[in-house]
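Positions 84 to 235 (the numbering used here) are the ones given, in order, by the sequence shown. The block underneath contains the structure these notes are about, expressed in structure tokens.
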Amino acid sequence: MKRVLVSVKSVQRDMDGKDTVVELISPGTSHKKGNTQYVRYEESSVTGMDGVKTTIKIHDDSIVLLRTGAVNMRHQYVRGEERESVYETPYGDLHMAVNTHELTVDFHEGVGHVHLGYDISVEGEWQFYNQLDIDVREDTEHGNEGNPEIGD
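See the structure below:
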């Protein structure tokens, strides 16, 4: 288990071409199990998901994004494919689909970069195009100890 700093930059483009940018830096953990790299961190009020834990499962050709807490969801991103999922909120469930156009993974020894570009539709209606850049770097201040706040 390696302590890391996770930087997430999301750029959402709506149908009018307007961009909304959200950036987050959060402490987290990174570890590898088999051929899958796992990165875990907590969201914050910046993303509107305070108290939500996010896990990213990184494969060579796909990404799975899991969120648990106030909302629950599981999105799988595979370049050239549309994948459906259910986004569970306290206000009800939303049926979503992501159509992934861009996916690049450069991850080694628990650190690296992931880039995603995808369309999101909710209940069958297109909502926006999103670009997601996730940078994971070693947390040199806290070393390789487990992080009890992330649930290790």
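From the three backbone atoms N, C-alpha and C, an ideal C-beta is built for every residue, glycine too. Nothing here was measured: the structure is a model prediction, and the numbers come from that model.
For residue i, which residues in the same chain have their Cβ closer than 6 Å to its Cβ, ignoring the five residues on either side in sequence?
i, result
"glutamate 232", "Low confidence applies to glutamate 232: its pLDDT is 45, below 50, so where it sits in the model is not reliable, and the reading given next is rough at best. Around glutamate 232: no qualifying Cβ."
"glycine 193", "Lys85, Ser113"
"tyrosine 212", "Arg96, Asp202"
"lysine 92", "Glu106, Asp216"
"glycine 134", "Gly152, Ala153"
Could you give the first and the last residue of the continuous beta strand (DSSP E) run that contains residue i?
i, result
"glycine 117", "Premise fails: glycine 117 is in no beta strand (DSSP E) and is neither H nor E."
"aspartate 216", "208-221"
"glycine 193", "No beta strand (DSSP E) contains glycine 193, which DSSP labels as neither H nor E."
"lysine 92", "85-96"
Under the assumption that residue i contacts residue j (Cβ atoms under 8 Å), give the Cβ distance between them as a whole number of angstroms.
i, j, result
"isoleucine 139", "isoleucine 217", "7 Å"
"isoleucine 141", "threonine 119", "7 Å"
"aspartate 222", "valine 87", "5 Å"
"methionine 156", "arginine 150", "5 Å"
How long is the line joining the alpha carbons of residue i and residue j, rounded to whole angstroms?
i, j, result
"glutamine 214", "valine 205", "17 Å"
"tyrosine 174", "glycine 152", "14 Å"
"threonine 103", "valine 94", "6 Å"
"lysine 136", "glutamate 167", "21 Å"
"leucine 199", "glutamine 210", "16 Å"
"leucine 177", "valine 89", "27 Å"
"methionine 98", "glutamate 224", "42 Å"
"asparagine 182", "lysine 115", "27 Å"
Please report whether the beta-carbon of residue i lies at a distance below 8 Å from any beta-carbon of chain C.
i, result
"serine 127", "Structure shown: chain C not included; a single protein chain is present."
Tell me which residues share the same chain as residue i and place their Cβ nearer than 7 Å to its Cβ, disregarding the 5 neighbours each side in the sequence.
i, result
"glycine 195", "Asp189, Val219"
"glutamine 159", "Ser145, Val147, Arg166"
**Report entry** 4 or more residues per run - each alpha helix (DSSP H) lying fully within the stretch 132-180
**Finding:** none
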